[in-house]
Each structure stands twice: as structure tokens, then as C-alpha cells.
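Taking the numbering used here, the leading residue of the sequence shown gets 1084, the next gets one more, and so forth. Built from N, CA and C at the ideal position, the CB exists for glycine as well. Remarks on the structure that follows.
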Amino acid sequence: MPSLAVQQGDITKLKVAAIVNAANRKMLGGGGVDGAIHRAAGPALLEACRRVREVSPGVRCPTGEARMTPGFDLPARHVIHTAGPVWKDGDSGEPELLASCYRSCLALASKRGLPSVAFPAISCGVYGYPPQAASKIAVREIRAHMDRHDAPEEVVLVAFDATMTAILQTAVEEQDPA
Ligand code: APR
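Spelled out as C-alpha cells, the structure:
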């Protein structure tokens, strides 16, 4: 039975098949969850990211797309890197690009038959996306994917603090299929 759950905590500690990294287009690390994942995975992660082909000068993962690497020292076997949109005004394609991040990550997980994936709140930190709107998009895209695919069977939305946890819980309950 497919499950979508919300969990508060540090995504780098989760023993799931893949954790999603809210990275940037360069895929060479950064702050926030990107920095935490690279610290926990060890230097081999950065080396693996450097080996990801550039699709244009300095761009390994265009906004809205996803790339997978091993998890190295992480408890998770894989890291799925995605580059979320930077929030401007909500009318510059941000919703469509954020939705594409979730779809791209889930498509990669499904293609590899991964049983479990954990997402951070993509773009809700440095990139400034309003958490409520972002959470609605996340839940909508995850449920749409799970309705049509067998994998992943388990998806976890990971919040780093209580406020985000409550926002994600509300988004899940509001779109509860039951
Ligand atoms: N576990 C789970 N969630 C976390 C963790 C963690 N260890 N650390 C931070 N977060 C949460 C933040 O609280 C926020 O809700 O992840 C969410 C995404 O925030 P950011 O990491 O700032 O990511 P984003 O807003 O997508 O900005 C991406 O920031 O770090 C750089 O290289 C990254 O340029 C990219 C940009």
C-alpha cells in the first residue's frame, strides 16, 4: 500500500533508498540541506557530482530536472539532486518548475524501482518559496505519481522544523484521498 508521510528531522539521517537534495544547477554543494547532505555523504559525493555531465556551461542539473548519485557515507543508498526555482512573484514559472522537480525526482526513483524516497521542502529555504504553496504542489505531484506507478511505495516529506511540519501535515490532510 503506497504511503505518503510527514516527518520532522534531519534528512541526512534517514535510511531510505534515496533522499532528495535541494541543490542548485551547478551541483557542487552549497548551504542548507545541500550542505548538510554533502557533509554527511563525505567528499566522494562532490566528486560524483563533478562527474555529472554539464548540459550547458556550469549547469549539470537544469531547474526542474533531477540527477542521481550514490549516497556514499549517508544511510540512504542514493541521492537524487534537483534544482528548485528561486521564488520571484509566483508568475514567473515557479509553480510549474517546482512541480517538475517533484515529478523528475519521482520519475528517476520509479525508473530505478526504488521503494522509498524522502524529500526536503525544495525551494522553501534560501530560494524563498512560500511553504504553504510549495507543500500543496509537493503533495499534489507525489499523489499523482503514486496513483500511476508502483514505485516508490513509500514517500516521506521531511521538515526541518515544527512550523514546516505543520504546513506539510495540513497539505497532506487537505489532499487526503480517503
Ligand atoms: N534535513 C531536512 N531539511 C533541511 C535540512 C536537513 N538537514 N537542512 C535544511 N532543511 C530544510 C530547510 O529548513 C528548508 O525548509 O530544507 C528546506 C530547503 O531549504 P534550502 O536548503 O535552503 O534549499 P532551497 O531553498 O531549495 O535553496 C537551494 O540553497 O543550499 C543552497 O546549494 C543550495 O543553491 C541551493 C539553494
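- The shortest CA-to-CA distance from V1103 to any of L1197, T1253, I1250, V1142 is the one to L1197.
- For I1163, the enclosing beta strand (DSSP E) covers residues 1161 to 1166.
- Those residues having their beta-carbon less than 6 Å away from any non-hydrogen atom of the ligand APR are, in chain order, D1093, I1094, T1095, A1105, A1106, N1107, G1113, G1114, G1115, V1116, D1117, G1118, A1119, G1167, P1203, A1204, I1205, S1206, C1207, G1208, V1209, Y1210, V1241, F1243, M1247.
- Runs of the alpha helix (DSSP H) lying entirely within the segment 1133 to 1200, each at least 4 residues long, are 1177 to 1194 in chain order.
- Partner residues in the beta bridge of E1237, as assigned by DSSP, are S1086, S1199.
- Per DSSP, V1099 is not a residue of any alpha helix (DSSP H), being assigned neither H nor E.
- Around the beta carbon of G1092, fewer than 16 other beta carbons sit within 10 angstroms, so the residue counts as exposed.
- DSSP, reduced to helix, strand and coil, places Q1252 within a helical segment of the structure shown.
- CA-to-CA, the gap between E1137 and R1108 works out to about 9 Å.
- As DSSP reads the structure, Q1215 sits in no beta bridge.
- Burial check for M1110: the Cβ neighbour count within 10 Å reaches 16 or more, so the residue is buried.
- Taking 8 Å as the cut-off, the beta carbon of S1199 is found closer than this to the beta carbon of V1099.
- Taking C-beta atoms as the reference points, I1220 and P1260 fail to come closer than 8 Å.
- Around I1205, the same chain offers V1103, A1105, T1165, G1167, L1181, C1184, Y1185, Y1212, A1217, A1221 as residues with beta carbons nearer than 8 Å, after the five sequence neighbours per side are excluded.
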